[in-house]
Amino acid sequence: MDPNPYYAGIGASSFYQPYSSSYNGGSSSIYNFPVVRLRGLPFNCDDLDICKFFGGLDIVDCLLVNKNGRFSGEAFVVFPSPMQAEFALQRDRQNMGRRYVEVFRCKKLDYYNAIAVEVNDGSFENEYHHSSPPSHPKRPAEDKDQMECTEVLKLRGLPYSATQADIVDFFGEFDLSEEKVHIVCRPDGRATGEAYAEFPSAEMAKKAMRKDKMMIGSRYVELFPSSPEEARRAKSRSRQ
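Residue numbers (the UniProt record's numbering): 1 to 240.
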C-alpha cells in the first residue's frame with residue numbers, strides 16, 4: 001500500500017512497550033515524558049486524523065482541547081515511550097490537510113492539568129476532552145439515574161489499547177466475565193473507545209454504575225445504561 005503523502009511512517013512496536021530509564025534524550029524530565037503537544041490542527045480534526053498523522057507510531061491516548069465549547073486546534077498525544085515521542089517531534093510543521101501542525105514537547109504539569117480538568121468536570125463541553133465528541137447529544141449526568149437499567153452497560157472514553165481483561169479488572173467485584181465484554185471497533189479494526197458489558201443481572205449492572213467516571217489508565221470512563229439490542233447492533237457493525 002502506498003504511504004499517505006503527509007503521514008510519514010516509522011516502524012512501530014506494541015502499545016504498552018515499557019520505556020527505559022536509560023533513554024538518552026536528555027537529563028531533564030521533559031525529555032523523558034512521552035507526551036507531545038500539537039497546535040494548529042484543523043478544527044474538524046478528530047482522534048483518527050491524529051493517529052494517521054503519526055502513522056507508524058503507537059498512540060496510547062489522545063486528549064483534544066476545547067475552548068469555550070469549541071475545539072481549539074490543540075491536543076496532547078501520549079506515546080508508550082520517550083523514544084517514540086522523540087520520533088513524533090520530527091512531524092513538526094508537517095501538513096494535516098491544508099494546515100501545518102506544530103508538534104512540541106509537553107510539560108507534565110500541562111498534561112496533568114488537562115486530565116484534572118476533565119476528571120473534575122466530566123463533560124465534552126468543558127475545556128478538555130478525549131477523542132472526538134459523540135455524534136449525538138450527550139445525556140446530562142443527572143439523567144442517568146432516571147434511565148431504565150438492563151443487564152448491559154455502555155462504556156465510553158476507554159483507552160484505545162484497552163482489552164476485555166482490562167474492563168473486567170475495572171469492574172472488579174461486579175462479577176463480569178471477558179466473554180460478556182464487547183469492544184467496539186471501526187471497520188479498519190481500530191478501537192473507538194467504546195464497549196458494552198453484560199452483567200448477570202440488571203441489579204448488578206445498576207450497582208456497577210458506581211464506577212462511572214473512574215479511571216482506566218489516564219482516561220476517565222463514562223458509563224451509561226444500555227440494552228442487549230444496542231450491544232448486538234454495535235457488535236454487528238464492528239463485523240462489517
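Beta carbons: idealized from backbone N, C-alpha and C, even for Gly.
Quantities reported herein were computed from a predicted structural model and do not represent experimental measurements.
In angstroms with no decimal places, state the Cα-to-Cα distance between residue i and residue j.
i    : j    : result
K213 : V78  : 20 Å
E229 : R37  : 40 Å
F54  : A191 : 16 Å
N32  : Y112 : 15 Å
A234 : F170 : 21 Å
K211 : S227 : 18 Å
D61  : S218 : 8 Å
A162 : M83  : 22 Å
L89  : D49  : 17 Å
E91  : L109 : A small fix is needed here, since residue 91 is Arg in this sequence, not Glu. If you take the alpha carbons of R91 and L109, they lie about 23 Å apart.
G172 : E179 : 15 Å
F87  : V221 : 29 Å
L223 : H182 : 14 Å
Q94  : P187 : 27 Å
R237 : P42  : 28 Å
C106 : Y196 : 34 Å
L57  : I115 : 22 Å
R232 : I59  : 28 Å
On the CB-based measure, 16 or more other CB atoms within 10 Å of its CB, does residue i come out buried or exposed?
i    : result
P134 : A caution first: P134 carries a pLDDT of 37, below 50, which makes its placement in the model unreliable, though a value can still be read off. Result: exposed.
F104 : exposed
E198 : buried
N44  : exposed
S177 : exposed
If I measure Cβ to Cβ from residue i and keep anything under 7 Å in the same chain, skipping five residues before and after, which residues do I get?
i           : result
G40         : G73, R99, Y100, V101, E102
I206        : According to the sequence as given, residue 206 is Lys; it is not Ile. The residues are C149.
A202        : C149, T150, E151
I216        : L158, P159, A162, D166, F170
Q174        : One point to set straight first is that residue 174 is Phe, not Gln, in the sequence displayed. F199, M204, K207, A208, listed in sequence order.
G97         : P42
A75         : L38, L41, I50, C62, L63, L64, V65
residue 260 : Residue 260 is absent from the structure shown; the chain starts at 1 and stops at 240.
Q164        : E178, V181, I183
Sorted by chain position, which residues of the same chain lie with C-beta nearer than 6 Å to residue i's C-beta, five sequence neighbours on each side aside?
i    : result
E194 : R156, V184
V168 : L176, E178
K154 : Y196, F224, S226
Could one say the Cβ of residue i lies closer than 8 Å to chain D's Cβ atoms, at least one of them?
i   : result
D61 : The chain labelled as chain D is not found in the depicted structure, where only one protein chain is given.
Go through its chain and collect everything with a Cβ distance to residue i's Cβ below 8 Å, but skip five positions before and after it.
i    : result
G189 : none
- Task: Quick one: which unbroken alpha helix (DSSP H) runs of 4-plus residues sit fully inside the UniProt domain "RRM" (151–228)? Chain order, please.
- Result: 164–171, 202–208
- Message: Threshold first: 3 residues or longer. Then list the beta strand (DSSP E) segments lying entirely within the UniProt domain "RRM" (34–108), N to C.
- Response: 35–39, 61–67, 70–78, 94–96, 99–105
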